[in-house]
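For the record, the sequence lines run as chains D and C. Going by our numbering, the first residue of the first sequence is number 584, and it counts up by one from there. Going by our numbering, the first residue of the second sequence is number 441, and it counts up by one from there. Written below as structure tokens is the structure these notes are about.
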Amino acid sequence: MVALCDVQISRGGTLLFQHVNWQFAPASITAVRKTGVLDGSSTLLMCCAGLVKPDKGVVKFNDADIQTLSEKERYTKLNYCYESGGLISLFTVYNNIATPLIYHDICTDNEAFARITQTAEELEIGDLLEYEPHQLNDVQVRLVNLMRALVLDAQVILIDELQTGMSEKMFAGVVEVLKRCADRGHTVVMVTTSGDHDEFADHHLVIANKNLELRY
Amino acid sequence: MKIVSYLLLPMTVVGATTRTIFYYFADILGLLAVTLNQCRHLLIRSRRRVFWGLFKRQLFNTGYKAVVVNCVIATLLGIGLAERGTAYLQKQENFADVFVLVVIREFSPLFSGVFLIARSATAITAEIGHLQLNREFAIVKAQGINPIFLFILPVFFAIPLSILIMIVYFSTVAIAASWFYITLYTNVDWSLVQILYLIASGLGWVDIAVLMSKAIIGGALIALVSLYSGYQVGNRFTDVSRMISQSTTALLLAYFGLCVGLSLAVF
């Protein structure tokens with residue numbers, strides 16, 4: 584479980600969030616609706632992943648301050664899925680996913696291959712594994728970033744604006760994968776934007792007044 | 441007041457230049473320290489495997505792919521030396537001495553370093569510059585991997601080894617080209633075995649130590665300066681080309697200075 588305890592976040596001198604108190608429950612999908620272009624939704628997700636330190640307050644994962652977790656623990660348990668970028672230009676898609684697995688000794692080469700190919704098939708992006716990052720379009724980049732979190736089997740998956748540009752059928756398939764993750768006890772938090780389908784989520788939040796509020 | 445400021449201008453310029461050079465060297469030393477610090481990760485088998493893959497890639501790009509240009513220049517140099525050598529030196533002992541002095545001691549490390557700066561150091565600066573421009577260092581860090589380990593350590597080790605390899609095949613090809621030219625196009629009857637024996641006899645441990653020093657220190661310098669220059673890329677796309685240009689100039693000066701300086705100091 585990820586808990587935000589009186590969190591205040593600012594970026595470049597702009598206050599984005601203050602007094603945020605929220606718990607993202609395990610085995611659930613939470614949709615956080617964006618309200619503006621610069622509302623800080625990506626920064627909030629990064630903060631939940633431990634990539635951005637809050638100005639004030641603490642982000643906890645299973646009651647431990649995430650800033651006290653080791654880099655390996657943080658990366659493997661809380662995974663942020665970038666909306667754009669997020670991939671290393673020097674590596675193919677496959678090596679982008681496999682390198683951290685091998686570096687952190689999470690699995691062997693063969694296990695990594697099995698995990699990556701299986702997850703890629705689930706997301707229907709098996710053909711992209713030998714592509715270079717610059718060959719991917721924005722939807723493919725987001726799916727590859729999601730694949731990295733799924734391959735890691737991260738307990739908390741933080742997804743930044745996944746749906747934009749996806750066909751209904753493709754998105755339905757991805758939602759099924761996310762639902763299965765939630766059923767296995769994972770916490771899924773996704774930022775959605777106006778017009779996105781998020782009715783499948785268990786909790787619906789909105790960013791308002793520099794805080795998180797229940798949408799319905 | 442204006443006159444005083446004009447009089448102080450040279451001092452201001454000298455002071456600012458000295459400070460810039462000092463900070464530059466301090467930064468390079470800092471990069472060396474953090475790079476060496478990352479070597480501890482090589483004790484972990486899984487990380488060593490990641491390193492090894494990237495190291496091999498770098499060695500292939502810098503050491504192996506430079507074979508053609510290195511061999512062509514070495515061949516031309518060998519032919520030129522054979523042509524002039526047979527005409528003026530008469531004895532094969534003298535020819536071997538000149539060969540050791542000119543090709544092995546001086547030209548092989550110098551040319552190999554210059555090829556490496558022209559072919560690979562610029563490419564490394566461009567690569568690291570683009571990674572920096574696209575904020576990919578931060579992405580790697582977010583994955584719990586130190587970017588120095590992933591992007592810099594393999595290059596730091598591959599470049600000196602590449603120069604060493606290039607020195608070996610530059611010298612070998614120059615010897616072979618000389619002998620072929622002498623055999624095919626001159627009336628001189630010198631045997632390859634004798635030339636090789638004389639060249640080997642002319643090479644002392646000091647020569648080998650100086651060659652190794654040029655390769656290792658020069659290689660490390662090339663790696664650090666090109667990596668540092670790439671890392672200095674800011675937010676602008678044109679920063680990449682500016683840093684390539686700056687690092688190439690700095691590297692040529694530094695590498696020539698190192699090669700000539702070491703030769704003057706030792707021989």
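C-beta: ideal position from N, C-alpha, C; glycine also. Owing to the predicted nature of the structure, the values given are computational and were not obtained by experimental measurement.
query                                                                                                                             : result
Amino acids of chain D, ordered along the chain, whose beta-carbon sits closer than 7 angstroms to that of C:Q583                 : Y658 and P683
Segment contact, 8 angstroms Cβ cut-off, at least three pairs: the stretch 722–734 of chain D with the stretch 665–677 of chain D : yes
Classification of C:L667 by the beta-carbon crowding that lies within 10 angstroms, buried from 16 upward                         : buried
Under 7 angstroms by beta carbon: chain C residues contacting D:I671                                                              : E576, I579 and V580
Residues of its chain near D:D781, where Cβ-Cβ distance is below 6 angstroms and the 5 sequence neighbours each way are ignored   : A614 and T775
Partner residues on chain D for C:L571, Cβ-Cβ distance less than 8 angstroms                                                      : I671, S672 and L673
For D:V734, the nearest candidate out of D:V641, D:D589, D:K660 and D:L652 (CA to CA)                                             : D:K660
Contact set between C:S653 and chain D, taken where Cβ atoms lie within less than 9 angstroms                                     : Result: empty, since nearest Cβ-Cβ is about 31 angstroms, beyond 9 angstroms.
Beta carbon proximity, C:S486 to chain D, threshold 9 angstroms                                                                   : yes
4-residue-minimum alpha helix (DSSP H) runs that sit fully inside the stretch 604–675 of chain D, ordered along the chain         : 624–631 and 654–660
With 16 other Cβ atoms within 10 Å as the buried cut-off, status of C:W492                                                        : exposed
Extent of the continuous beta strand (DSSP E) run through D:N794                                                                  : N794 to L797
Inter-residue Cα distance where the pair is D:D646 and D:E759                                                                     : 29 angstroms
Alpha-carbon to alpha-carbon, C:T460 and C:L449                                                                                   : 16 angstroms
Distance between D:G640 and D:H602 (C-alpha atoms, nearest Å)                                                                     : 8 angstroms
is_contact[D:L719, chain C] using C-beta, thresh 9 angstroms                                                                      : no
Environment of D:H717 [buried if 16+ CB atoms lie within 10 Å]                                                                    : exposed
Pairwise C-alpha distance: D:I671 and D:K643                                                                                      : 29 angstroms
Neighbour flag for C:F591 against chain D, beta carbons, 9 angstroms                                                              : yes
Chain C contacts made by the stretch 621–636 of chain D, where a contact means CB separation under 7 angstroms                    : L634
Selected residue, minimal CA-CA separation from C:I557, among C:S685, C:K531 and C:I635                                           : C:S685
Exposure of C:Q498, with buried meaning 16 or more beta-carbon neighbours within 10 Å                                             : buried
Members of the stretch 677–703 of chain D near chain C, C-beta cut-off 7 angstroms                                                : T682, P683, I685, Y686, H687 and D688
According to DSSP, residues forming a beta bridge with C:I662                                                                     : In the DSSP output, where bridge partners are listed per residue, C:I662 has none listed.
Cβ pair C:L707, C:A614 closer than 9 angstroms                                                                                    : The question names Leu, but residue 707 of chain C is Phe in the sequence shown. Contact: no.
Beta-ladder partner(s) of D:D743, from DSSP                                                                                       : D:V774
Outcome for C:K531 when other beta-carbon atoms lying within 10 angstroms are tallied against a minimum of 16                     : exposed
Counted within 10 angstroms of its Cβ, other Cβ atoms place D:Q738 as buried (16 or more) or exposed                              : buried
Simplified DSSP assignment, three categories, for D:D589                                                                          : strand
Buried versus exposed call for C:C479 [16 or more other C-beta atoms within 10 Å across all chains shown]                         : exposed
Bridge-paired residues (DSSP) for D:F600                                                                                          : D:I592
Heavy atom of the ligand GTP within 8 angstroms of C:N501 beta-carbon                                                             : The ligand GTP is not part of this structure, which contains no ligands at all.
Per-residue DSSP class, three states only, for C:S484                                                                             : According to the sequence shown, residue 484 of chain C is Ile rather than Ser. Here C:I484 sits in coil by DSSP.
Counted within 10 angstroms of its Cβ, other Cβ atoms place C:W645 as buried (16 or more) or exposed                              : exposed
When C:I607, C:L693 and C:I639 are compared against C:N427, the one with the closest alpha-carbon                                 : Outside the modelled stretch of chain C, which goes from 441 to 707, sits residue 427 of chain C, for which no answer is possible.
Span of the alpha helix (DSSP H) around C:I615                                                                                    : L593 to Y625
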